[in-house]
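As structure tokens, the structure follows; a few thoughts come after it.
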Amino acid sequence: MPSAIPTGATISLPPAGKIDPRGHRFGAGVSALLLIVAFVANQPWIVPLVLVSIGVSAAFGLRYSIYGAIWRRIVRIAHLGPAEPEHEYPPRFAQVLGSTALILSLIAFGLGAAAFGWLFALAVAALQTLLAVTGYCLGCRLYFLRWWVPDLVTRIWTRGRPRTQEFAREPIKFG
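All letters in the sequence shown, in the order written, are residues 1 to 175 by my numbering.
Written out as structure tokens, the structure is:
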């Protein structure tokens with residue numbers, strides 16, 4: 001199964017829990033399905049349900065994920081073997097991004113701009129579908145870009161420890 005996290009990319013991250021990547025994909029599939037059903041049935045009240053699940057795990061860790069609890073039961077009942085665990089922070093960061101988009105969706109619905117509400121919700125559904133079907137997590141990949149948002153979020157989670165060590169200061173050589 002492909003990893004949602006680039007190989008070797010987590011070496012410089014602060015210590016954190018490890019997750020079963022299959023559970024991450026399962027949760028993404030459930031979220032995508034719920035958001036698509038909400039859109040097709042024109043039921044925006046389903047969006048906050050997805051937000052609660054994604055938001056809880058983004059804020060408190062993936063061990064508190066509602067979908068993760070369901071996945072752990074499935075693993076136990078189906079006697080699925082163990083999977084190669086992944087570092088928690090990149091998927092958790094992806095859930096921060098998804099939560100932000102769903103909050104924007106709810107704000108748009110609240111302001112009467114349903115088209116924008118569905119645009120944000122369906123963007124999350126599309127990215128969750130991509131993860132569920134292929135294992136590719138765009139939000140996880142964005143965590144490793146050199147920008148301030150992932151570092152800020154990690155500092156919140158770790159109570160002040162930086163996300164990474166110093167970036168390499170070697171000059172880029174062309175040619």
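The beta carbon of each residue, even a glycine, is placed where N, CA and C say it ideally should be.
Contact annotation: G135 and W71 have beta-carbon atoms that are not nearer than 8 Å. Annotated three-state conformation of H24 is helix, per DSSP. L97 counts as buried, since at least 16 other C-beta atoms from the protein chains shown sit within 10 angstroms of its C-beta.
The alpha carbon of F39 has as its nearest neighbour, out of A132, G117 and E88, the alpha carbon of G117. By the Cβ test, the region 80-89 is not in contact with the region 97-110, since fewer than three Cβ pairs between them sit closer than 8 Å. Around the Cβ of F120, a 10 Å sphere holds 16 or more other Cβ atoms; the residue is buried. For the pair Y143 and P15, the Cα-to-Cα distance works out to about 16 Å. DSSP places L106 inside the alpha helix (DSSP H), whose first and last residues are Y89 to G110. Distances from the CA of K18 to each of I156, R25, S99 and E84 were compared; the closest alpha carbon is that of E84.
In the DSSP assignment, Y143 falls within the unbroken alpha helix (DSSP H) covering L138 to Y143. With 16 or more other CB atoms across the displayed protein chains lying within 10 angstroms of its CB, A94 is buried. Of the residues A123, V124, L152 and Y89, the one whose Cα lies closest to the Cα of C140 is Y89.
Put simply, of D20, I66, S105 and V37 the residue whose alpha carbon is nearest the alpha carbon of H87 is D20.
Its Cα nearest to that of V30, the residue A69 stands out among A59, N42, A69 and W147.
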